[in-house]
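Below is one structure, written out as structure tokens; the observations come after it.
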Amino acid sequence: MIDIAATIRTSWRLALVACVCLVAAPAWSDGLLTPHTASYKVKISVVSGQLDTELLAVDGGYKATHVVKATGLSRILTRGSIVASSEFASVPDGVLPIRYHSEDTVRNKEPNEDITFDWVNLEATGTVGDEEVLIPLEGISHDNVSIQYELMHDLLSGEMEPTYVLFDVDKMRVADVRNIGTKVFKVGAGKFEAVGIQHQKEGSSRITTLWCAAALDYLPVVIEQHRKGKLNFRATLEAYTPTAGVALSAKQD
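Read in order, the letters of the sequence shown are residues 71 to 323 in the working numbering.
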């Protein structure tokens, strides 16, 4: 008798191996995502700050870095920063995370994270704070940075999924994704019509909304995060600069 579940798992593994082989090929990008830098004005509770993001094209895919720092008088309250980066490959259906790193010296509560996604052995390994983690990869998964670019890619290709799987400290969680319609926003970078894409991890009270502008290849022009119905983070786009060229592959430690 044919084991259907085993057959599906084998087919899925072979598909992933094919993706890994494609990543190794010289043609590193499908051209949908545009390398760029962007700057946002940020409000986190009573603290004001700035979010700087960079999407860099590297051999095999991309590296994205997001940095949040306090500005103005808020620097009296905190002089730390929140830095998160993700290296991800470009594959036919979107992006495939390879390594994720985060460090938070603002709140001093969130543990540093350093996770490697091994798509050959189908496991995510690394550290969260002082704890070592090893999580089986049961399907395509994303980190908290790469998910933004996966959603941008899927909006550009017209293939948005209803659910995505996200890394969350020591396990993978399914996140529900929904389109909540369009709005027009006037921000520092200009006036844009944007589509609202919300994602929420199962079991979490935190909802993130990306207001993505088609005119900027679906880059978010407004980012909002609500927790238990209360807005605790908002970022508005102040500047956007497309960049060109391919950098050397990001160095692995």
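Beta carbons: idealized from backbone N, C-alpha and C, even for Gly.
Owing to the predicted nature of the structure, the values given are computational and were not obtained by experimental measurement.
Validate contact between the stretch 125 to 141 and the stretch 159 to 166 using beta carbons, cut 8 Å, 3 pairs
Contact between the stretch 125 to 141 and the stretch 159 to 166 is present: 3 or more CB-CB pairs across the two stretches fall below 8 Å.
Under three-state DSSP, which class holds ASP224?
The residue given as residue 224 occupies position 154 in the sequence shown. In the structure shown, ASP224 adopts helical secondary structure according to DSSP, grouped into three states.
Could you say if the stretch 108 to 127 and the stretch 289 to 308 meet the contact criterion of at least three C-beta pairs nearer than 8 Å?
At 8 Å Cβ cutoff, the stretches touch.
What is the rounded straight-line gap between the Cα of LEU84 and the Cα of LEU192?
Walking along the sequence shown from the start, residue 84 turns up at place 14. Walking along the sequence shown from the start, residue 192 turns up at place 122. Because LEU84 sits at a pLDDT of 37, beneath the cut-off of 50, its placement in the model cannot be relied upon, and the following sentence gives the value as read from the coordinates. In a straight line, the C-alpha of LEU84 is about 11 Å away from that of LEU192.
Span of the beta strand (DSSP E) around THR104
Here the question's residue 104 lines up with position 34 in the sequence shown. No beta strand (DSSP E) contains THR104, which DSSP labels as neither H nor E.
Whole-number beta carbon distance between VAL153 and VAL176, since they are thought to touch under 8 Å
Counting from one through the sequence shown, the residue named residue 176 turns up at place 106. Counting from one through the sequence shown, the residue named residue 153 turns up at place 83. About 10 Å separates the two Cβ atoms, so there is no contact after all.
Here's a check: name, in chain order, each residue in its chain whose Cβ is nearer than 6 Å to the Cβ of LEU221, leaving out the five neighbours to either side.
Start at 1 with the first residue of the sequence shown, and residue 221 comes out as number 151. Excluding sequence neighbours, LEU221 sits near ILE267.
For ARG243, I'd like the list of residues in its chain whose CB is within less than 6 Å of its CB, leaving aside the five on either flank, ordered along the chain.
The sequence position of residue 243 within the sequence shown is 173, counting from 1. Only residues of its own chain outside the window of five on either side were considered, and among them LEU236, LYS271 and GLU272 have a CB closer than 6 Å to the CB of ARG243, listed in chain order.
Beta-carbon contacts of TYR170 that lie in its chain and below 6 Å, excluding the five residues immediately before and after:
Here the question's residue 170 lines up with position 100 in the sequence shown. SER156, ILE185 and ASP213, listed in sequence order.
Which of helix, strand or coil does DSSP assign to TYR170?
As a working note, residue 170 is residue 100 in the sequence shown. The three-state secondary structure of TYR170, taken from DSSP, is strand.
Please report the straight-line C-alpha distance between ARG248 and PRO232, rounded to a whole angstrom.
What you label residue 248 is simply residue 178 of the sequence shown in a count that begins at 1. What you label residue 232 is simply residue 162 of the sequence shown in a count that begins at 1. Distance between the alpha carbons of ARG248 and PRO232 is about 7 Å.
Mind checking which residues open and close the beta strand (DSSP E) that includes ASN249?
Start at 1 with the first residue of the sequence shown, and residue 249 comes out as number 179. Per DSSP, ASN249 belongs to the beta strand (DSSP E) from 241 to 257.
With 16 other CB atoms within 10 Å as the buried threshold, where does LEU204 fall?
Taking the sequence shown and counting its residues from 1, one reaches residue 204 at position 134. By the 10 Å Cβ count, LEU204 comes out exposed.
Cβ neighbours of ILE114 in the same chain (closer than 6 Å, five flanking residues each side left out):
Position 44 of the sequence shown holds residue 114. Excluding positions up to five away in sequence, the list reads PHE303.
Straight-line gap, LYS139 to ASP224 (C-alpha atoms, nearest Å)
Residue numbering aside, residue 139 sits at position 69 when the sequence shown is read from its first letter. Residue numbering aside, residue 224 sits at position 154 when the sequence shown is read from its first letter. Distance between the alpha carbons of LYS139 and ASP224 is about 29 Å.
Taking the alpha-carbon positions, what's the TRP98 to ALA259 distance?
Taking the first residue of the sequence shown as position 1, residue 98 is located at position 28. Taking the first residue of the sequence shown as position 1, residue 259 is located at position 189. Residue confidence for TRP98 is low, a pLDDT of 37 falling below 50, so the modelled location carries little weight and cannot support an answer.
What number of angstroms, rounded off, separates the C-alpha of PHE262 from the C-alpha of ASP200?
Position 192 of the sequence shown holds residue 262. Position 130 of the sequence shown holds residue 200. Using only the alpha carbons, I get a separation of about 43 Å.
Inter-residue Cα distance where the pair is LEU226 and GLY196:
Numbered from its first residue, the sequence shown carries residue 226 at position 156. Numbered from its first residue, the sequence shown carries residue 196 at position 126. Each residue's CA atom was taken as its position, placing LEU226 and GLY196 some 32 Å apart.
Between the beta-carbon of LEU280 and the beta-carbon of ILE210, is there less than 8 Å?
Here the question's residue 280 lines up with position 210 in the sequence shown. Here the question's residue 210 lines up with position 140 in the sequence shown. Their beta carbons are not under 8 Å apart, which means LEU280 does not touch ILE210 by this criterion.
In whole angstroms, give me the CA-to-CA distance for VAL407 and VAL291.
Limits of the chain in this structure are 71 at one end and 323 at the other, which puts residue 407 out of reach.
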